[in-house]
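Protein chains in written order, with our numbering: chain P, 6 to 141; chain L, 6 to 141. Even for Gly, the Cβ is constructed at its ideal location relative to N, Cα and C. Below is one structure, written out as structure tokens; comments come after it.
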DNA sequence: ATGCTTATTGCAACTAGTTGCAACATTAAA
DNA sequence: TTTAATGTTGCAACTAGTTGCAATAAGCAT
Ligand SMILES: [Mn+2]
Ligand SMILES: [Mn+2]
Ligand SMILES: [Zn+2]
Ligand SMILES: [Zn+2]
């Protein structure tokens, strides 16, 4: 089911702004800030408002269509979730962002369920630390 | 070494505002927001400014004397790190916050080092999910 | 095509947090 | 105790993000 269909199925309306935001998210390879999305939307719809962008991102986040994460910068980043459930490793020294498969978190999830009867909902985490190039 | 001494040792000065903020953090059992700290500081120093509070918290965070975490509310929380290195489980349904020992993250840390040569710096994490009372 | 319902938008005002800068206060040295 | 060096503060203006509300427009039924 496409983002498009998911929205419709839940009774949400497909507006020009939402279409634009989804297109931007879809065509962006990595992570993108709300502000950059906003400016790209404005290029097409000059009087679009930033609250629309923020509200749309919030909506998509709630539907699990995009992930929101603080990657250490001064504003949060968004990432379209097409295929794989993934996470990131962020180097505190050089700022590089690495991808991590969700499977790496399986042992932690099991431990939390066993020891704490807590069912974690781990999505698009950012783990800070030091990358291979910045140790020593 | 006390917070007090740690600051001095690094060449930072001990001001009345910093003393007040440290006292508040020390006497607060759980987590506290910057705004609440600010209001408590104002009670003693009526013309203290919020930027001083934020700057002091940032400083203490950098020295590993307090932990900053988003526990799901609309503002970040601070926690004085006295003894144990710990983390939290936050229920997305009821909002309850549970404590978790840092040891639970050891397998994850080892995996990240082995598979990604990435040395994580995991401090005072908030893991979201569903608590024992909110499942089913 | 027209009208109805209600989701969505733009706007303006707001909250949380940050920053540059001049005034000020701590600290140590004289 | 005075002075000098510089770390710290208050202030005001700023950035990122949120919210209530009236105007608008998507989607559906006729
Ligand atoms: Mn990502
Ligand atoms: Mn804590
Ligand atoms: Zn690095
Ligand atoms: Zn719960």
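Practice item. Check each candidate in L:39, L:115, L:120, L:136 and name the one with the smallest Cα separation from residue 126 of chain L. Key: Position 121 of the second chain, counted from the start, is the residue given in the question as residue 126 of chain L. Of the candidates L:39, L:115, L:120, L:136, the one whose C-alpha sits nearest the C-alpha of residue 126 of chain L is L:115.
Review point. Name the DSSP beta bridge partners of residue 72 of chain L, please?
Key: Position 67 of the second chain, counted from the first residue, corresponds to residue 72 of chain L. Partner(s): L:84.
Check your understanding: Is any heavy atom in ligand 2 found nearer than 7 Å to the beta carbon of residue 36 of chain L?
Key -> Along the second chain, one-based indexing puts residue 36 of chain L at 31. Result yes, Cβ under 7 Å from ligand 2.
Exercise for review: Output, in chain order, the set of chain L residues within a Cβ distance shorter than 8 Å of residue 120 of chain P.
Suggested key: Here residue 120 of chain P is taken as the residue at index 115 of the first chain, counted from 1. 109, listed in chain order.
**Study point:** For residue 103 of chain P, the three-state DSSP class (helix, strand or coil)
**Key:** Here residue 103 of chain P is taken as the residue at index 98 of the first chain, counted from 1. Three-state result, residue 103 of chain P: strand.
Practice item. Please go through the same chain and pick out, in chain order, the residues whose beta-carbon is closer than 8 Å to the beta-carbon of residue 93 of chain L, but skip the five residues on each side of it. Key: Within the second chain, the letter at position 88 stands for residue 93 of chain L. Within the same chain, residue 93 of chain L has close Cβ partners 74, 76, 102, 103, 104, 105, 129, 130, 131, 132.
Exercise for review: For residue 96 of chain L, name the three-state secondary structure that DSSP assigns.
Suggested key: Locating residue 96 of chain L in the second chain gives position 91, counting from the first residue. Three-state DSSP puts residue 96 of chain L in a strand.
Review point. Does DSSP put residue 17 of chain L in a helix, in a strand, or in coil?
Key: The residue you call residue 17 of chain L lines up with position 12 of the second chain. DSSP places residue 17 of chain L in coil when its eight states are reduced to three.
Practice item. On a CA-only basis, which of L:80, L:69, L:98 is nearest residue 90 of chain L? Give me that one, please. Key: On the second chain, residue 90 of chain L is found 85 positions in, with the first residue counted as 1. When only C-alpha atoms are compared, the closest one is L:69.
Check your understanding: Between residue 39 of chain P and residue 81 of chain P, is the Cβ-Cβ spacing less than 8 Å?
Key -> Here residue 39 of chain P refers to the residue found at position 34 when the first chain is read from its first residue. Here residue 81 of chain P refers to the residue found at position 76 when the first chain is read from its first residue. Result yes, Cβ atoms of residue 39 of chain P and residue 81 of chain P sit closer than 8 Å.
Exercise for review: Note down the Cα distance separating residue 37 of chain L from residue 30 of chain L, rounded to an integer number of angstroms.
Suggested key: Along the second chain, one-based indexing puts residue 37 of chain L at 32. Along the second chain, one-based indexing puts residue 30 of chain L at 25. Rounded to whole angstroms, residue 37 of chain L to residue 30 of chain L spans 8 Å at the Cα level.
Review point. Less than 7 Å between the CB of residue 121 of chain L and some heavy atom of ligand 3, yes or no?
Key: The count along the second chain starts at 1 and reaches residue 121 of chain L at position 116. No, Cβ of residue 121 of chain L sits at least 7 Å from all heavy atoms of ligand 3.
Check your understanding: How far does the alpha helix (DSSP H) with residue 111 of chain P in it reach, from first residue to last?
Key -> Taking the first residue of the first chain as position 1, residue 111 of chain P is located at position 106. Note, residue 111 of chain P: alpha helix (DSSP H), 111-121.
Point to revise | Backbone CA spacing between residue 56 of chain L and residue 58 of chain P [nearest angstrom] | key: The count along the second chain starts at 1 and reaches residue 56 of chain L at position 51. The count along the first chain starts at 1 and reaches residue 58 of chain P at position 53. Computed Cα separation, rounded: 29 Å.
**Study point:** Own chain residues within Cβ distance below 7 Å of residue 112 of chain L, not counting five before or after
**Key:** In the second chain, residue 112 of chain L corresponds to position 107, counting from 1. Excluding positions up to five away in sequence, the list is empty.
Point to revise | 8 Å contact criterion, which residue 1 of chain L and residue 28 of chain L should meet: CB distance rounded | key: In the structure as shown, chain L starts at 6 and stops at 141, and residue 1 of chain L therefore has no counterpart that could be examined.
Review point. Got a sec: is the Cβ-Cβ distance from residue 81 of chain L to anything in chain P below 8 Å?
Key: Sequence index remark: in the second chain, residue 81 of chain L carries index 76 (1-based). With 8 Å as the cut-off, residue 81 of chain L does not count as an interface residue toward chain P.
Practice item. Please report the residue range of the beta strand (DSSP E) in which residue 134 of chain P lies. Key: Working through the first chain from its first residue, we reach residue 134 of chain P at position 129. 131-135 is the extent of the beta strand (DSSP E) around residue 134 of chain P.
Point to revise | Near ligand 3: residue 103 of chain P beta-carbon under 7 Å from a heavy atom | key: Taking the first residue of the first chain as position 1, residue 103 of chain P is located at position 98. False, no ligand heavy atom lies under 7 Å from that Cβ.
Check your understanding: Cα-Cα, which of P:98, P:64, P:6 is closest to residue 140 of chain P?
Key -> For this step, residue 140 of chain P is matched to residue 135 along the first chain. Comparing Cα-Cα distances from residue 140 of chain P to each of P:98, P:64, P:6, the minimum goes to P:98.
Review point. Can you tell which of L:120, L:13, L:46, L:10 has its C-alpha closest to the C-alpha of residue 26 of chain L?
Key: For the purposes of this step, residue 26 of chain L is identified with residue 21 of the second chain, where counting begins at 1. For the residues L:120, L:13, L:46, L:10, the minimum Cα distance to residue 26 of chain L belongs to L:46.
Check your understanding: Can you name, in chain order, every residue of its own chain whose Cβ lies under 8 Å from the Cβ of residue 107 of chain L, other than the five neighbours on each side?
Key -> Locating residue 107 of chain L in the second chain gives position 102, where the first residue counts as 1. Within the same chain, residue 107 of chain L has close Cβ partners 89, 90, 91, 92, 127.
**Study point:** Beta-carbon gap between residue 83 of chain P and residue 71 of chain P smaller than 8 Å
**Key:** Position 78 of the first chain, counted from the first residue, corresponds to residue 83 of chain P. Position 66 of the first chain, counted from the first residue, corresponds to residue 71 of chain P. Yes, the pair counts as a contact, with Cβ atoms nearer than the cut-off.
Point to revise | Backbone CA spacing between residue 118 of chain L and residue 100 of chain P [nearest angstrom] | key: Translated into positions along the second chain, residue 118 of chain L becomes position 113. Translated into positions along the first chain, residue 100 of chain P becomes position 95. Going by C-alpha positions, residue 118 of chain L is about 18 Å away from residue 100 of chain P.
Check your understanding: Quick one: what's residue 91 of chain L bridged to in DSSP?
Key -> Taking the first residue of the second chain as 1, we reach residue 91 of chain L at position 86. BP columns for residue 91 of chain L point to L:106.
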